[in-house]
Amino acid sequence: MEELMKHLSKIRIPQKNDKIYKDECVYSFDTPDTPTGLYVNLTTFLGLGHDYVQHYYQLTENPVFLHIKRNRKEIPSKHQGDGPEKKITRLAIGTADGFTPDQQKYTYHESYQIIILPNFTTIPYPTDNLPQEVELAIKSVLEAESAAKIAEVEALAGTWDGEIKVVSKHAANLKQLDNGKKIPPSGWKCEKCDLTQNLWLNLTDGSILCGRKFYDGTGGNDHAVEHYRATGYPLAVKLGTITKEGKGDVFSYDEDDMVEDPNLVLHLAHWGINITQMEKTDKSMIELELDLNQRFGEWVALQETASKLTPLYGPGHTGLANLGNSCYLNSVMQMLFVIPDFIKRYVEAAPQIFQQSYSDPANDFNVQMAKLGIGLLSGKYSIPPTTNNENESRQGIPPRMFKTLVGRGHSGFSSNRQQDAQEFILHIINIIDRHRGHQMNPTDCFKFKVEERYQCSRSNKVKYTYRPEYLLPLPIPVEAAINQDEVTAYEALKNEAEAKGQKLDSNALVRPRIKLSSCLQAFTRPEIVEQFYSTALNEKTTAQKTTRLANFPNYLLIHLKKFMMKEDWTPVKLDVAVEMPDILDLSSLRGFGLQPGEKLLPETVGAEPPPFVYDTVILNQLIDMGFPPEACKGALYFTENRGLDAATNWLMEHIADSDFADPFVPPGINASTKKDNFVVNEEAVAMVMGMGFTKEQATKALKATDNNLERAADWIFSHQAELDAIEVEEIHPEEVLTDGSHQYKLVGFISHMGTSTMVGHYVCHLLKDDRWVIYNDDKVALSENPPKELGYIYLYQRID
Numbered sequence: 001m002e003e004l005m006k007h008l009s010k011i012r013i014p015q016k017n018d019k020i021y022k023d024e025c026v027y028s029f030d031t032p033d034t035p036t037g038l039y040v041n042l043t044t045f046l047g048l049g050h051d052y053v054q055h056y057y058q059l060t061e062n063p064v065f066l067h068i069k070r071n072r073k074e075i076p077s078k079h080q081g082d083g084p085e086k087k088i089t090r091l092a093i094g095t096a097d098g099f100t101p102d103q104q105k106y107t108y109h110e111s112y113q114i115i116i117l118p119n120f121t122t123i124p125y126p127t128d129n130l131p132q133e134v135e136l137a138i139k140s141v142l143e144a145e146s147a148a149k150i151a152e153v154e155a156l157a158g159t160w161d162g163e164i165k166v167v168s169k170h171a172a173n174l175k176q177l178d179n180g181k182k183i184p185p186s187g188w189k190c191e192k193c194d195l196t197q198n199l200w201l202n203l204t205d206g207s208i209l210c211g212r213k214f215y216d217g218t219g220g221n222d223h224a225v226e227h228y229r230a231t232g233y234p235l236a237v238k239l240g241t242i243t244k245e246g247k248g249d250v251f252s253y254d255e256d257d258m259v260e261d262p263n264l265v266l267h268l269a270h271w272g273i274n275i276t277q278m279e280k281t282d283k284s285m286i287e288l289e290l291d292l293n294q295r296f297g298e299w300v301a302l303q304e305t306a307s308k309l310t311p312l313y314g315p316g317h318t319g320l321a322n323l324g325n326s327c328y329l330n331s332v333m334q335m336l337f338v339i340p341d342f343i344k345r346y347v348e349a350a351p352q353i354f355q356q357s358y359s360d361p362a363n364d365f366n367v368q369m370a371k372l373g374i375g376l377l378s379g380k381y382s383i384p385p386t387t388n389n390e391n392e393s394r395q396g397i398p399p400r401m402f403k404t405l406v407g408r409g410h411s412g413f414s415s416n417r418q419q420d421a422q423e424f425i426l427h428i429i430n431i432i433d434r435h436r437g438h439q440m441n442p443t444d445c446f447k448f449k450v451e452e453r454y455q456c457s458r459s460n461k462v463k464y465t466y467r468p469e470y471l472l473p474l475p476i477p478v479e480a481a482i483n484q485d486e487v488t489a490y491e492a493l494k495n496e497a498e499a500k501g502q503k504l505d506s507n508a509l510v511r512p513r514i515k516l517s518s519c520l521q522a523f524t525r526p527e528i529v530e531q532f533y534s535t536a537l538n539e540k541t542t543a544q545k546t547t548r549l550a551n552f553p554n555y556l557l558i559h560l561k562k563f564m565m566k567e568d569w570t571p572v573k574l575d576v577a578v579e580m581p582d583i584l585d586l587s588s589l590r591g592f593g594l595q596p597g598e599k600l601l602p603e604t605v606g607a608e609p610p611p612f613v614y615d616t617v618i619l620n621q622l623i624d625m626g627f628p629p630e631a632c633k634g635a636l637y638f639t640e641n642r643g644l645d646a647a648t649n650w651l652m653e654h655i656a657d658s659d660f661a662d663p664f665v666p667p668g669i670n671a672s673t674k675k676d677n678f679v680v681n682e683e684a685v686a687m688v689m690g691m692g693f694t695k696e697q698a699t700k701a702l703k704a705t706d707n708n709l710e711r712a713a714d715w716i717f718s719h720q721a722e723l724d725a726i727e728v729e730e731i732h733p734e735e736v737l738t739d740g741s742h743q744y745k746l747v748g749f750i751s752h753m754g755t756s757t758m759v760g761h762y763v764c765h766l767l768k769d770d771r772w773v774i775y776n777d778d779k780v781a782l783s784e785n786p787p788k789e790l791g792y793i794y795l796y797q798r799i800d
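Here it is in structure tokens:
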């Protein structure tokens, strides 16, 4: 006690805004459940594992810690079965209706000690005669919500099962017809077919119609959405999901999303529905997704559930817990940490990284990257079960701090809603680039330049442009399927069965099989560019454009463009098998720049070509529809302001282009000249600065929005994370482009199952020690049948 009294001035009582990291170490994945427990510093309230507590004391000289140790005890089996088995109804973890691992199998007991460094002097807690300020500090720490829990609540504020659910714009003034309809309490049937399940009540005219067809062939016949297209009546509620509390699944066809209807009780009363008599009888959309996820054939193939997989443990075989639809993050990070550049930058350099950041390590990106890399590769958190019980929970690590940090400021990645793994790769590359400082950038191993060659159709002179990329997006030419006859026969059988109201067995599915070489040919195929400004003619004409790669990086990420838009604007996933070779020859993609005999188009001399005048009415309409402003400019340019329909069609045709949202530069115009000629509106800068932003931030926002003050404000709030991390460009070293052989070896791939990037599940397969390993969240196992042809993103390593 005498030693404790020496340090009373260092002990703080947590205040309202203090974050208390009592769930997990900020430098490792140690928790109170770890054999050595967790040490919470009573000055800074940072949680530390045993391996880091001494080092932290040496850095800060904050000596007093609360040691928390939690032990779990298995509940005797005779008590585990008491009462009905809990039903999972929400895609969430740790919620009343979601997944609660171990909750029914174990009870937990926490014990505490006061630890004083450097000698690890121990004082039991609770104990008599403890100074009041110490007692109050410890009590406040134990009673406070943990930083991890607060971050989770903040991220999910306004969400439903991790999915943002906004109030419909139609809810307040929804038109409801007085057509005499009254909806009975039961006996519902689709008005256009005989289906009695998956029925939706249109809240405007009282029609009861079946919903969309699901990806396994079940569900409805699309009559509800067809009714919306014919009438424009936007809101429908799923019958059978309405509860006495006035809740239910409400979908807005106009907003294309599940929405809140605060006036649902009144809207139902219009059709004679008394919610006090309603009982939930049908599955909600989230429950249906859970059912589909667990039984559809694609899921079985990609997760290899038909095989008895052998679990793997030890270094490099650590899984990542799924923190509510975070499988996209788990798969991407598993893939990144097999690459030597990432291991060197974060794992090998971890001591230096930790040394440089001790004041707020939970919010230091480099610290959290190093923490994650060590957690995955050390083997400390991947230990074989101690019993032969196959149901014993697998060991893995939950990347809570990392997910919170990389998702901050991003509406999608901060939520528990499923996201696109391809978009997350680009997001994490962007964050790494912002936080590299003077250090090596591990993402340089992916970086390549796309060479675009334009040849003027009238002068035959050429122009070469280059842009950096990190993923190679490849189109999938379904028409090039090598089993076209089998696909045609299958489609005929399927249509015949549907006409009879039957379904084909999912095992009879025939996917179009396409060779990767066909995808590469589609990527390099010449295309005609309209509205090309030829500096040789000083007027617009057409040009032929060919695309190649200027260099072959050490690692090549290939993105198969499986997701596209149908004519009705609904997203669809191509259910195809692409034959991905183990050894890939990319010699056909090599670009060589200006060739002998070619003549370059002259640089613009004197006056620039007259700027294209965009129809602002159409431009604003397109932006209001949700398209990126730069893409909208391109649409208006290439359709010559012919109207909203023409521009919209152009956007839908090009929505999957890798440079879709990049700053638009008319073909033939020098992009760098246009960029260099940008002059910021100083008056607009002053107005943006008046909102509390720096001059650099205001300038960046205005440059990104062409000096449009209103759009600049929107840009700022949607790019908060970028603005928070603006760095001086001069600190970055020269651009690094690796190059070498055109031969590559397949070493990993990420697969997606489901119809949309916003639903479904991701798994990762990696080639380690000449054998394939499957990473399915926290489950790591030896792969027996790696489904290489069904992947979404592939990782190839260059062979020199």
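Residue numbering for the sequence shown follows full-length UniProt numbering, beginning at 1 and increasing consecutively. No residue lacks a Cβ here, since even glycine has one placed at the ideal position from N, Cα and C.
query	result
Along the chain, where does the beta strand (DSSP E) containing residue 464 start, and where does it finish?	462 to 469
Which class does residue 65 belong to by DSSP, given the choice of helix, strand or coil?	strand
Relative to the C-alpha of residue 486, which candidate in 477, 498, 508, 472 has its C-alpha closest?	508
Could you round the C-beta distance between residue 456 and residue 541 to whole angstroms and report it? I think they count as a contact, below 8 angstroms.	6 angstroms
So what does residue 125 bridge to, in DSSP terms?	112
Between the C-alpha atoms of residue 108 and residue 114, what's the straight-line distance to the nearest angstrom?	20 angstroms
Using a threshold of 8 angstroms, state whether the C-beta atoms of residue 745 and residue 792 are closer than that.	no
What residues match up with residue 493 in a beta bridge as DSSP calls it?	DSSP lists no partner for residue 493.
So what does residue 270 bridge to, in DSSP terms?	DSSP, once it has assigned bridges, lists no residue as partnering residue 270.
Whole-angstrom Cβ separation of residue 167 and residue 40, contact assumed at under 8 angstroms?	The Cβ separation is near 40 angstroms, so there is no contact.
Using the DSSP secondary-structure output, state which residues sit across from residue 185 in a beta bridge.	DSSP lists no partner for residue 185.
Skipping 5 residues on each side, what residues in its chain have a beta carbon closer than 6 angstroms to that of residue 767?	747
Which one of 58, 23, 73, 120 has the shortest CA to CA distance from residue 1?	120
Closer than 8 angstroms by C-beta to residue 63: which residues in its own chain qualify, once you throw out the five before and the five after it? Chain order, please.	7, 10, 57, 116, 117, 118
In the DSSP assignment, what residue or residues form a beta bridge with residue 71?	109
In this structure, does DSSP put residue 20 in helix, strand or coil?	coil
Assuming residue 748 is part of the beta strand (DSSP E), what are its boundary residues?	743 to 753
How close, in whole Å, do the beta carbons of residue 688 and residue 712 come, if the pair is a contact with beta carbons under 8 angstroms?	6 angstroms
Keeping to the same chain, check which residues put their C-beta closer than 6 angstroms to that of residue 674; ignore five residues upstream and five downstream.	The predicted position of residue 674 is uncertain, since its pLDDT is 45 and thus under 50; no value can be drawn from it.
With residue 803 as the anchor, note down where its beta strand (DSSP E) starts and where it stops.	Residue 803 lies beyond the range of the chain shown here (1 to 800); nothing can be said about it.
Could you check if residue 25 is buried or exposed, using at least 16 other CB atoms within 10 Å of its CB as the buried criterion?	buried
Among 632, 331, 648, 403, whose alpha-carbon lies nearest the alpha-carbon of residue 151?	403
In terms of residues, what are the limits of the beta strand (DSSP E) holding residue 534?	527 to 534
Alpha helix (DSSP H) containing residue 3: first to last residue?	2 to 5
Which partner residues of residue 257 appear in the DSSP bridge assignment?	252
Mind reading off the beta-carbon distance from residue 30 to residue 49? Whole number of angstroms is fine, and I expect it under 8 angstroms.	3 angstroms
Pick out whichever of 460, 14, 663 has its Cα sitting closest to the Cα of residue 534.	460
Between 521, 527, 617, 647, which lies nearest to residue 587 when the distance is taken from Cα to Cα?	521
Could you give the C-beta distance for residue 452 and residue 561, rounded to a whole number, given that I count them as a contact under 8 angstroms?	Not really, about 18 angstroms apart at Cβ, beyond 8 angstroms.
Could you give the distance in angstroms between the alpha-carbon of residue 577 and the alpha-carbon of residue 790?	5 angstroms
Which residues in the same chain as residue 725 place their Cβ atom closer than 6 angstroms to its Cβ, once the five residues preceding and following it in sequence are excluded?	In this prediction, residue 725 has a pLDDT of 46, which is less than 50 and means its spatial position is unreliable; what the coordinates show is noted afterwards. Excluding sequence neighbours, residue 725 sits near 434.
Is the separation between the beta-carbon of residue 759 and that of residue 418 shorter than 8 angstroms?	yes
Name, in chain order, the residues that DSSP records as bridge partners for residue 41.	65
Sort 262, 303, 254 by Cα distance to residue 225 and report the nearest one.	254
Express the C-alpha separation of residue 523 and residue 668 in angstroms, rounding to a whole number.	21 angstroms
Ends of the beta strand (DSSP E) at residue 451?	448 to 456
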